[in-house]
DNA sequence: TCTATATATCGAGAATTATAGATATATTGT
DNA sequence: ACAATATATCTATAATTCTCGATATATAGA
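Chains as they are written, first to last, in our numbering: chain A, -2 to 97; chain B, -2 to 97.
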């Protein structure tokens, strides 16, 4: 973890909706409905559910999730036409360690 | 630690100079000269030394440090005409815990 | 292939942040 | 009280971020 990456992570964490999403994804099964097709939360939650819960536009949420994935905060898995996002706990631990 | 505070902390951590300052303050004695008047680093480092090392204007650094102090990331102690800033390790731990 | 659904990307205007210089305030020493 | 030094605050401009609607791409099913 270097300063540059840590700053990028900080940018993702500096905005209310993004931070809220990261919190929701701590417990997907408590915060989101079960997906009709996929029966588990192993790979997280699809964009539409996150978008609906956040109440922002589809493009905004898609951009947020993509950005968070680019700096490593989220891990994306594609299943058919859905993109699932889950937290990257390992990177979060590294970031927390960097701060302390 | 609630979402609102965590977002404010994230904002402080989302900018290179501020994050760098927080890193420098992990080891003040390695990153800053000893102060002429105060002989220890118990309360951190004065604004001028941080400003010189960061290479940004006095007003910018003063604003940054004040903002970081307001959200609790830094602790300020006034000694005569100098303001010393040090890390608030306790809040950093709480923030790290919030993220994980 | 055509249609519907899910997600991603593009382009733009509004809002916020970064940063500086000027000025104000606080403290110390003469 | 006055001068010097350290820090804080004010004001303004440039840069970045926020957020959206429009559009493009990808996938699945009829």
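Glycine is no exception: its CB is placed at the ideal position from the N, C-alpha and C atoms. Please read these numbers as outputs of a predicted model, since none were measured by experiment.
Status (buried if at least 16 other CB within 10 Å, exposed otherwise) for residue i
| i | result |
| --- | --- |
| residue 41(A) | buried |
| residue 97(B) | exposed |
| residue 22(B) | buried |
| residue 7(A) | buried |
Cβ neighbours of residue i in the same chain (closer than 6 angstroms, five flanking residues each side left out)
| i | result |
| --- | --- |
| residue 86(A) | none |
Helix, strand or coil at residue i [DSSP, three-state]
| i | result |
| --- | --- |
| residue 65(B) | helix |
| residue 11(A) | coil |
| residue 71(A) | strand |
| residue 82(B) | strand |
Closest by C-alpha distance to residue i, when choosing among the options
| i | options | result |
| --- | --- | --- |
| residue 20(B) | 47(B), 30(B), 33(B) | 47(B) |
| residue 81(B) | 2(B), 95(B), 92(B), 63(B) | 63(B) |
| residue 73(A) | 90(A), 94(A), 38(A), 49(A) | 38(A) |
| residue 2(B) | 95(A), 3(A), 12(A), 5(A) | 12(A) |
Through-space distance from residue j to residue i, alpha-carbon basis
| i | j | result |
| --- | --- | --- |
| residue 59(A) | residue 58(B) | 35 angstroms |
| residue 92(A) | residue 84(A) | 13 angstroms |
| residue 24(A) | residue 51(B) | 40 angstroms |
| residue -1(B) | residue 78(A) | 35 angstroms |
| residue 34(B) | residue 76(B) | 10 angstroms |
| residue 27(A) | residue 28(B) | 46 angstroms |
| residue 67(B) | residue 67(A) | 31 angstroms |
| residue 90(B) | residue 61(A) | 26 angstroms |
| residue 18(B) | residue 95(B) | 22 angstroms |
| residue 4(A) | residue 36(B) | 33 angstroms |
Chain-order list of residues whose beta-carbon lies under 7 angstroms from that of residue i (same chain, five-residue window excluded)
| i | result |
| --- | --- |
| residue 32(A) | 43 |
| residue 88(B) | 69, 70 |
| residue 10(A) | 16 |
| residue 53(A) | 14 |
| residue 55(B) | 48 |
| residue 65(B) | 9, 15, 71 |
Close-in-space but distant-in-sequence residues of the same chain around residue i (CB under 8 angstroms, 5 per side omitted)
| i | result |
| --- | --- |
| residue 30(B) | 46 |
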